[in-house]
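J.: Residue numbers (this note's numbering): 34 to 641.
We put the beta carbon where it would ideally sit given N, CA and C, even for glycine.
Since we're looking at a predicted model, the values are computed, not measured.
#1: Among residues of its own chain, excluding the 5 on either side of residue 161, which ones have a beta-carbon nearer than 7 Å to its beta-carbon?
#2: Nearest by alpha-carbon distance to residue 111: which of 83, 54, 242 and 134 is it?
#3: Measure the C-alpha to C-alpha separation of residue 367 and residue 361 and round it to an integer number of angstroms.
#4: Anyone know if the C-beta pair for residue 566 and residue 634 falls short of 9 Å?
#5: To which residues does DSSP link residue 281 through a beta bridge?
#6: Applying the criterion that 16 or more other CB atoms from any shown protein chain within 10 Å of the CB defines a buried residue, is residue 279 buried or exposed?
#7: Shortest alpha-carbon distance to residue 576 belongs to which of 391, 612 and 619?
#8: Under a Cβ-count criterion, where at least 16 other Cβ atoms within 10 Å of its own Cβ denotes burial, should residue 285 be classed as buried or exposed?
#9: Closest to residue 125 by C-alpha separation, out of 143, 139 and 623, would be which residue?
#10: Please go through the same chain and pick out, in chain order, the residues whose beta-carbon is closer than 6 Å to the beta-carbon of residue 638, but skip the five residues on each side of it.
#11: Excluding the 5 residues flanking residue 67 on each side, which residues of the same chain have their C-beta closer than 6 Å to its C-beta?
#12: Identify the continuous beta strand (DSSP E) that holds residue 168 and give its terminal residues.
#13: To the nearest angstrom, report how far apart residue 468 and residue 553 are at their CA atoms.
#14: Mark residue 388 as exposed unless 16 or more other C-beta atoms lie within 10 angstroms of its C-beta, in which case mark it buried.
#15: Please tell me whether residue 174 and residue 128 are closer than 9 Å, where the distance is taken between their beta carbons.
#16: Pick helix, strand or coil for residue 184, following the three-state DSSP scheme.
#17: Just verifying my parser: in three-state terms, what is the DSSP assignment at residue 457?
#18: Along the alpha helix (DSSP H) that carries residue 431, what are the first and last residues, could you check?
#19: Would you mind sorting residue 573 into buried or exposed? The rule is 16 or more other CB atoms within 10 Å of its CB.
#20: According to the neighbour-count rule (16 or more other Cβ atoms, all chains shown, within 10 Å of its Cβ), is residue 464 buried or exposed?
#21: With DSSP as the reference, label residue 99 as helix, strand or coil.
#22: Quickly, what does DSSP pair residue 32 with across the bridge? List them, please.
#23: Going by C-alpha distance, which of 448, 523, 296 and 518 is nearest residue 499?
#24: For a test of the three-state rule: what should DSSP assign to residue 52, helix, strand or coil?
#25: Could you tell me the distance, in whole angstroms, from the CA atom of residue 248 to the CA atom of residue 220?
#26: Tell me the DSSP bridge mates of residue 165?
#27: So, for residue 493: in the same chain, excluding its five sequence neighbours on each side, which residues have a beta-carbon less than 7 Å away from its beta-carbon?
#28: From residue 153 to residue 123, what distance separates their C-alpha atoms?
#29: Identify every residue that forms a DSSP beta bridge with residue 618.
#30: Out of curiosity, what's the CA-to-CA distance linking residue 640 and residue 521?
#31: Here's the rule I'm using: 16 or more other beta-carbon atoms within 10 Å means buried, otherwise exposed. How should residue 198 be labelled?
#32: To the nearest angstrom, how far is the alpha carbon of residue 443 from that of residue 564?
#33: Determine the direct distance from the alpha carbon of residue 441 to that of residue 471, and round the result to whole angstroms.
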């Protein structure tokens, strides 16, 4: 009688397991449909990206017809899915048209074509299903963009075959799996099928009973059992393809789909029968012989499982097999107690060793990264030094020749002006001045590059920072529209610096601050002692530095200015590094930027 409730529960659990497994199979098929929907979307988008990559190339944007035709032919060879590619200029006139099957390649006028207008304005277009030379195909259009000016130069359109989708479906769902998969458009027409022959039919569609369910369903994904008009029961699943409006549909016979579930049910019933017989026999034996001794052992095992080795119940067992089992259990508990203590100790030791190993790995990792950064820095400086040598030799000499030629021309002009009553045209004098100015600018850039690349020995000397800053600011040619404010610490710190290099660094920061405030503004220079360091701030009230740019400003040759070498802030960082200091920057867009130079302070008794 005690087995009756167990049988009822077992029957319920078996059927529940079968229903759950069937639902899981349905969900797996739905997930498979979603996965293939993403695959189809990626397939179309990849070809659109191929077309966009070609259209955005500089050679392509030049609208040079021979170059464009070569690129189009090259892409037609690379991608068999393209059936026809054409290029239309900004006026709607087709300039290149290449077809795979040698069709009429006569150039057309798309000035009033809705597709051309849409692509030209919106940037891209992916059309619906159409038949091209008997192949299911779609039209893709993208803008031709000049990467230099970001200007739309025309439109590239392509007819793309969709037979590749059928190959993908056939690979994923071969005939041996008894599964059919298809892709349909919003009207129910077949775009692709796991059996490629289906798509070449005159009116290629799925059965009407399936289409009725798919086209009237507003859900993005779904699935379940479907009874076809033929009476066959199938398991179907569908998923909408994003942005295209197409639907992936997967269908499998219920008998095949639920085969694993049916086999599991049969095995479960057989196992339950075996278990029932075994339980009946075992229950009879237990009821006669071992119920009480086993109960005592059970209580002891629970205590042992909880880790309570000291309060195990007294096991008074008869001198039989149960007694031997109890004796063995007691020995096992003693051994387990010892092993547990050893494992606890070993675990604590392992945690300690792991922690020590992690600390050592972190330390070695930091050392390795520091060495790697230093090596990269040295390689960059070596490259800059080689470049500086070339610049000094190959550019400065021609500049000197140009400068001498300008001097000679000025001499001749002045001589001619003195011996002639006709004055020299002012534009000539103006352009000579422009040439001289540009020569000075070029020489200044060369000096800046050479100065950054060369490293000389520091000429350190003890300097009172406040006095040094006063002298520097008095000699700096500050424009009239800039207010220069000094905020000096009363401690008058002494630093050991190379005044020439430090002056170059501070002048670079003040000059940058002036350049970002072309109309009016304020530059604040302040000093403050921070522990063993003195901080020299140069703060402007300009437009600030964006966060994405802030990380790159100290890199050599990085600049956001129209003119400049990008070495100003790199020189600042190099000078502070050579003085065993550091430079930090705080910037708020729209409010200004503050550069903080940290310089080691000489011993306090020198300051006094």
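T.: With the structure as the only source:
#1: Locating residue 161 in the chain shown gives position 128, counting from the first residue. For residue 161, where only same-chain residues beyond five positions count, the Cβ hits under 7 Å are 171 and 218.
#2: The residue given as residue 111 occupies position 78 in the chain shown. If we check each option's Cα against that of residue 111, 83 comes out closest.
#3: Residue 367 sits at position 334 when you count from the first residue of the chain shown. Residue 361 sits at position 328 when you count from the first residue of the chain shown. Cα to Cα, the separation comes out at about 10 Å.
#4: What you label residue 566 is simply residue 533 of the chain shown in a count that begins at 1. What you label residue 634 is simply residue 601 of the chain shown in a count that begins at 1. Cβ atoms of residue 566 and residue 634: closer than 9 Å.
#5: Counted from its first residue, the chain shown places residue 281 at position 248. For residue 281, which the question treats as bridged, DSSP gives the partners 216 and 272.
#6: In the chain shown, residue 279 corresponds to position 246, counting from 1. Label assigned to residue 279: buried.
#7: Against the chain shown, residue 576 aligns to sequence position 543. The candidate whose alpha carbon is nearest that of residue 576 is 619.
#8: Counting from one through the chain shown, the residue named residue 285 turns up at place 252. Buried, since its Cβ has 16 or more Cβ neighbours within 10 Å.
#9: For this step, residue 125 is matched to residue 92 along the chain shown. Residue 143 is the option with its Cα nearest to residue 125.
#10: Start at 1 with the first residue of the chain shown, and residue 638 comes out as number 605. Legend: pLDDT at residue 638 = 43, less than 50; position of this residue unreliable, no value from coordinates given.
#11: Translated into positions along the chain shown, residue 67 becomes position 34. Within the same chain, residue 67 has close Cβ partners 254 and 272.
#12: On the chain shown, position 135 is the one that residue 168 refers to. Its beta strand (DSSP E) spans residues 168-179.
#13: By one-based count along the chain shown, residue 468 stands at place 435. By one-based count along the chain shown, residue 553 stands at place 520. C-alpha separation (whole angstroms): 30 Å.
#14: Taking the chain shown and counting its residues from 1, one reaches residue 388 at position 355. By the 10 Å Cβ count, residue 388 comes out exposed.
#15: Translated into the one-based positions of the chain shown, residue 174 becomes position 141. Translated into the one-based positions of the chain shown, residue 128 becomes position 95. No.
#16: In the chain shown, counting from the first residue as 1, residue 184 sits at position 151. Reduced to three states, the DSSP call for residue 184 is strand.
#17: To locate residue 457, count along the chain shown from 1; it is residue 424. Coil, per DSSP.
#18: By one-based count along the chain shown, residue 431 stands at place 398. It spans 429-452 - the alpha helix (DSSP H) in which residue 431 sits, taken as one unbroken run.
#19: Looking up residue 573 in the chain shown gives position 540. Label assigned to residue 573: buried.
#20: Start at 1 with the first residue of the chain shown, and residue 464 comes out as number 431. Its Cβ having fewer than 16 others within 10 Å, residue 464 is exposed.
#21: For the purposes of this step, residue 99 is taken as residue 66 along the chain shown, with counting starting at 1. Three-state result, residue 99: helix.
#22: With the chain represented from 34 up to 641, any question about residue 32 goes unanswered, as that position is not in the structure.
#23: Position 466 of the chain shown, counted from the start, is the residue given in the question as residue 499. Comparing Cα-Cα distances from residue 499 to each of 448, 523, 296 and 518, the minimum goes to 523.
#24: Here residue 52 refers to the residue found at position 19 of the chain shown. In the structure shown, residue 52 sits in a helix (DSSP, three-state: H, G or I).
#25: Translated into the one-based positions of the chain shown, residue 248 becomes position 215. Translated into the one-based positions of the chain shown, residue 220 becomes position 187. Each residue's Cα considered, the two are about 8 Å apart.
#26: Numbered from 1 along the chain shown, position 132 holds the residue referred to as residue 165. Residue 165 is bridged to 168.
#27: Against the chain shown, residue 493 aligns to sequence position 460. Cβ contact annotation for residue 493 (same chain, cutoff 7 Å, sequence separation greater than five): 529, 530 and 531, in chain order.
#28: Here residue 153 refers to the residue found at position 120 of the chain shown. Here residue 123 refers to the residue found at position 90 of the chain shown. Their backbone Cα atoms lie some 8 Å apart in a straight line.
#29: Residue mapping note: residue 618 aligns to position 585 of the chain shown, counting from 1. Answer by DSSP bridge pairing, in chain order: 628.
#30: Residue mapping note: residue 640 aligns to position 607 of the chain shown, counting from 1. Residue mapping note: residue 521 aligns to position 488 of the chain shown, counting from 1. Residue placement at residue 640 is poorly supported in this model, since its pLDDT is 46, which falls under 50; the coordinates still yield a value, given next. About 15 Å.
#31: Position 165 of the chain shown, counting from 1, holds the residue named residue 198. Residue 198 should be labelled buried.
#32: In the chain shown, residue 443 corresponds to position 410, counting from 1. In the chain shown, residue 564 corresponds to position 531, counting from 1. Going from the Cα of residue 443 to the Cα of residue 564 covers about 59 Å.
#33: Translated into the one-based positions of the chain shown, residue 471 becomes position 438. Translated into the one-based positions of the chain shown, residue 441 becomes position 408. Take the alpha-carbon of residue 471 and the one of residue 441: they are about 17 Å apart.
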